[in-house]
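Residue 118 in full-length UniProt numbering sits at position 118 of the sequence shown, and the numbers go up by one each step. Even glycine gets a Cβ: it sits at the ideal position worked out from N, Cα and C. One structure is given here, and the rest of the page talks about it.
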Amino acid sequence: MTTRLRKTVVLVGMMGAGKTAIGTALARTLGVPFIDSDDEIEKAANRSVAEIFARDGEAFFRQKESQVLERLLAGPPCVLSTGGGAFLAPANREAIARAGVAVWLKADLELLWQRVRHKTTRPLLRTENPKETLRTLLEARTPAYSKAEVTVEARADYSIDEMTQKVIGA
Ligand code: S3P
Numbered sequence: 001m002t003t004r005l006r007k008t009v010v011l012v013g014m015m016g017a018g019k020t021a022i023g024t025a026l027a028r029t030l031g032v033p034f035i036d037s038d039d040e041i042e043k044a045a046n047r048s049v050a051e052i053f054a055r056d057g058e059a060f061f062r063q064k065e066s067q068v069l070e071r072l073l074a075g076p077p078c079v080l081s082t083g084g085g086a087f088l089a090p091a092n093r094e095a096i097a098r099a100g101v102a103v104w105l106k107a108d109l110e111l112l113w114q115r116v117r118h119k120t121t122r123p124l125l126r127t128e129n130p131k132e133t134l135r136t137l138l139e140a141r142t143p144a145y146s147k148a149e150v151t152v153e154a155r156a157d158y159s160i161d162e163m164t165q166k167v168i169g170a
């Protein structure tokens, strides 16, 4: 299916919410490119997100993230998956609202934890108790994510196709 997408669909939400998997399927269904902001940050910096956090710190990463978002939002409409912290900065939210439609993939702690527990590359979860860290981040970030134009509930028993259809139908 090829659609003439007027605005970029920007997937926001926690690590493990399924932004990459659903974004990939959604872009294929809509016939538009899929872009992952973390991948773009890595390409621009020529190192991994984990390396950027370790060498330059989170503040530097957030700066790069905002720049990459601005650039991608100025381009042709696509499906854009963002890192879990991208929707927190008001300036990023405003940039997204101007050029896109923010879709929050809302998942509960248990689902997020099941998805991220074996993935050790996420710098923010390299803590003594990563599940507690995830809980704290989820609670702190929920008010910001709630500002997304569209909310789609992610559930363990929904397939990627079902989720994709829910995003399209929202
Ligand atoms: C982050 C989530 C990561 C990545 C970075 C910071 C966050 O992206 O941007 O590690 O602040 O939640 P994913 O949400 O794709 O894992």
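Bridge partners of Asp-36 according to DSSP: Ser-81. Our two residues, Thr-20 and Leu-112, have alpha carbons roughly 14 Å apart in a direct line. Bridge partners of Ala-102 according to DSSP: Val-10.
Within 7 Å of the C-beta of Asp-38 there is at least one heavy atom belonging to the ligand S3P. Within 10 angstroms of the beta-carbon of Phe-60 lie fewer than 16 other beta-carbons, which makes it exposed. The C-beta distance from Gly-100 to Met-15 rounds to 20 Å, too long to fall under 8 Å, and the pair is not in contact.
In this structure, Leu-69 sits near Ala-95, with a CB-CB distance shorter than 8 Å.
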